[in-house]
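Here the structure is laid out as structure tokens; the discussion comes afterwards.
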Amino acid sequence: MNLTDTLLFASGSLRGARSRTLLMILAMSIGVAAVVILTALGEGARRYVVGQFSSLGSNLVIVLPGRSETAGVNPGMLLGQTERDIVLDDAQALLRSTAVRRIAPLTIGTALASHGARNREVVVLGSTADLLPIRHMELAQGQFLPAIDMQSASPVCVLGAKIKRELFGSEAAVGAWLHLGDRRFRVIGVLASQGESMGMNTDDLVVVPVASAHMLFNTQALFRVLVEAKSRDLIARAQKDAEDIMMQQHGGERDVTVITQDAVLATFDRILHALTLAVGGIAAISLSVAGVLIMNVMLIAVAQRTQEIGLLKALGAPSSEIRRLFFAEAVLLSGIGSMAGLLLGEIGSAVIGQFYPALPVSAPWWAVLAAFGTALGTGILFSVWPARRAAQLDPVLALARR
Amino acid sequence: MIEFADVSRIFMVGGQEVPALRNINLHLVAGEYVSIMGPSGSGKSTLLNLIGLLDRPSSGMYRLDGLDVTTLDDEHQAQVRREKIGFVFQFFHLVPRLSAAMNIELPLILAGVPPQERKERVGQLLESYGLADRAGHRPDQLSGGQRQRVAIARATIMRPAVLLADEPTGNLDQTTGKEVMSLLEQLVGQGVALILVTHDPALGQRAARQLQMVDGRIVSDTRNISQA
Ligand SMILES: Nc1ncnc2c1ncn2[C@@H]1O[C@H](COP(=O)(O)OP(=O)(O)OP(=O)(O)O)[C@@H](O)[C@H]1O
Ligand SMILES: [Mg+2]
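Sequences listed follow chains A and B, in order. Just so we're aligned, residue 1 is where the first sequence starts under the numbering used here, counting upward by one. Just so we're aligned, residue 1001 is where the second sequence starts under the numbering used here, counting upward by one.
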């Protein structure tokens, strides 16, 4: 019996038991589709985070107060010394590094914002003119903070899109006055709506000069300093320089943490990749469940088709031929099932993509390949036993039965 | 052509030995027309299964065309069945989902005959068995007589030397039974050996040689002088 005849015969018996075949294909395709959709989601999440990071700015080095625990125990802490704040002088000093293009000090706090009768609690971000290019922000109206010395306060502010909407409605905001706490600021610009970006929604923000923010919150301490390296290659040097400069500034003590966005990104990338793998693995278990189902149904098929098997033997089919026929059926089933599953998965991913346009949902090629391979593999593996059962059937008994 | 030397077949049923055949010695020549009769449970089907290589003897020797076939492996036994032996069953045993033509084609497919030749041979056979207009019908769309003719066509498409028929008319009425028998006897006329198991003495008498079985033994072996 040649291969085409084997496949034709197998597909014939599959068509002969329509509901059984459809059921098995369904089970198989759901398994495959689950792998495809879940890994697509995981991969989508990973790419979403990566995308978010790069929208934060490129070649970023971030200086934050305090030594992170991963760097070991701070001897200063043991001696009861308090960590020193990062102040504007420190931020200014960072510009001494030749690897640094520009910096943006950040101070964060909340204040009650009011305009006329409307008021609400807002997040106030104190920074400098360079924040705009460093964070890749865009303006909708007016202008951003003036390029003044970072030590000098100025009663101006830039509104996030949502704040502008809520406090001014359709009224013109630029040029108007806004009360933040007990101070007055003139609105000089409105940010373009960007939506959520790494937990900070620029739509929900009021940006003021950093010195003004310090006065508003009565503090000297910076929340963090964003440092942009001159190029990708200079990120490492900028990080090292920042650490050295901060040590000098703080009397020889390493009491700040300097992280690169790349390192954070790599960590997220690793975590999310692992997550995708785990989720894909769980989905693959549903595939092996489909495999067990196939085995079960094939065993039933063998029982139902004893007569046919006995007949084929009487007509001169050796046991190996019978085994091949059942194998071919399993391969066809799992092949068609995985094809249908891939299709289903792609459709499912596309539908999810429709609902969450921000998420780039698409299954990675390795997951598609793995799902297809696992489906075929389980289909074949789980048909070994039924096929052997069929091949070992005694033709006399099979034919004696009516 | 077929030689049984001291062949026994003992079934084990729940730890107990059930001898279905006891020390059978038998010699059949090519083209012979033999009927096997005897009471139910006397071992007729068991003997036929042994001849057809569907079963192996518990002891003794079986030679087919001079070759000891009891020691052949599964692959070679299947080949012998394919090339030399045709089966006709009481319950037809057609594959229900396949058309008449495809049922007849099955042995050719198993033997790896190319499709073109298959079509020709099946077409010829359907024609000569008067089934040409039934080629595309499935078994459940055929009458009992037609089904058995399809089964006989399937058994003969490989032009076997021996045709084994276990009560081929057992499920048919008198007239269709006669039709089927004349078809089988026509094949004997063409040189095929026919071994026919039957309960009908009238049918059995038609064979040139008649075996009587009782309790796993051949108790009489007579030849019809009139036909010889
Ligand atoms: N697979 C088997 N397992 C156990 N015993 C069997 C088996 N096949 C046949 N036998 C026994 O062997 C004996 C002969 O059976 P066989 O089927 O050859 O009889 P038979 O002459 O064909 O009868 P019938 O005319 O009813 O078809 C019987 O006693 C039967 O019970
Ligand atoms: Mg019988």
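Don't be surprised by glycine CBs; every beta carbon is placed ideally from N, CA and C.
- Separation of the CB atoms of residue 275 of chain A and residue 87 of chain A is rounded to 39 Å, and the pair is thereby denied contact status at 8 Å.
- The distance from the Cβ of residue 346 of chain A to that of residue 36 of chain A is about 7 Å, consistent with a contact at the 8 Å cut-off.
- Take the alpha-carbon of residue 96 of chain A and the one of residue 259 of chain A: they are about 18 Å apart.
- Assigned with DSSP and collapsed to three states, residue 1212 of chain B falls in strand.
- Residue 84 of chain A and residue 65 of chain A have their C-alpha atoms roughly 8 Å apart.
- Taking 8 Å as the cut-off, one finds no heavy atom of ligand 2 near enough to the beta carbon of residue 1143 of chain B.
- If you look at residue 136 of chain A, you'll find it isn't in any beta strand (DSSP E); DSSP assigns it neither H nor E.
- The beta carbon of residue 1039 of chain B sits closer than 8 Å to at least one heavy atom of ligand 1.
- In the structure shown, the three-state DSSP call for residue 268 of chain A is helix.
- Within chain B, the residues placing a beta-carbon under 7 Å from that of residue 395 of chain A are 1054, ordered along the chain.
- Of the candidates A/392, A/33, A/58 and A/10, A/33 places its Cα closest to the Cα of residue 362 of chain A.
- Among the residues of the region 307–324 of chain A, those with a Cβ less than 9 Å away from any Cβ of chain B are 307, 308, 310, 311, 312, 313, 314, 315, 316, 317, 318, 319, 320 and 321, in the order of the chain.
- When rounded, the separation of the alpha-carbon atoms in residue 1055 of chain B and residue 1201 of chain B is 27 Å.
- Taking 8 Å as the cut-off, the C-beta of residue 1197 of chain B counts as close to a heavy atom of ligand 2.
- Taking 9 Å as the cut-off, the Cβ atoms of residue 1193 of chain B and residue 1163 of chain B count as close.
- By the rule that beta-carbons nearer than 9 Å mark a contact, residue 1193 of chain B does not touch chain A.
- When DSSP states are grouped into helix, strand and coil, residue 373 of chain A belongs to the helix group.
- Using a CB distance cut-off of 9 Å, residue 1111 of chain B counts as an interface residue toward chain A.
- When DSSP reads this structure, residue 1009 of chain B sits in a beta bridge with B/1021.
- Listed as beta-bridge partners of residue 1004 of chain B by DSSP are B/1026 and B/1062.
- Between the region 13–29 of chain A and the region 334–346 of chain A there are three or more C-beta pairs closer than 8 Å, enough to call the two in contact.
- Judged by beta-carbon spacing, residue 1068 of chain B lies beyond the 9 Å limit of residue 1084 of chain B, meaning their Cβ atoms are not closer than that value.
- In the structure shown, the three-state DSSP call for residue 292 of chain A is helix.
- Taken through DSSP and simplified to helix, strand or coil, residue 257 of chain A comes out as strand.
- If you draw a straight line from the Cα of residue 1119 of chain B to the Cα of residue 1148 of chain B, it is about 20 Å long.
- Taking each of A/330, A/357 and A/399 in turn and checking the Cα distance to residue 382 of chain A, the smallest one comes out for A/330.
- Here the C-alpha atom of residue 253 of chain A lies approximately 27 Å from the C-alpha atom of residue 109 of chain A.
- Neighbours of residue 1079 of chain B across chain A, judged by C-beta separation under 8 Å: 316 and 318.
- A Cβ-Cβ distance of about 5 Å is found for the pair residue 225 of chain A and residue 105 of chain A, placing them in contact under the 8 Å criterion.
- Looking at the DSSP output, residue 189 of chain A sits in a beta bridge with A/142 and A/158.
- Residue pairing of residue 224 of chain A in beta bridges, as defined by DSSP: A/106.
- Look at residue 393 of chain A: its beta carbon is at least 8 Å from all of the heavy atoms in ligand 1.
- Residue environment for residue 218 of chain A: exposed (fewer than 16 other C-beta atoms within 10 angstroms of its C-beta).
- For residue 1042 of chain B, the distance from the CB to the nearest heavy atom of ligand 1 is below 8 Å.
- At least one CB of chain A lies nearer than 9 Å to the CB of residue 1093 of chain B.
- Annotation for residue 1010 of chain B: 1017, 1019 and 1058 place their beta carbon closer than 6 Å to its own, counting only its chain and skipping 5 residues before and after.
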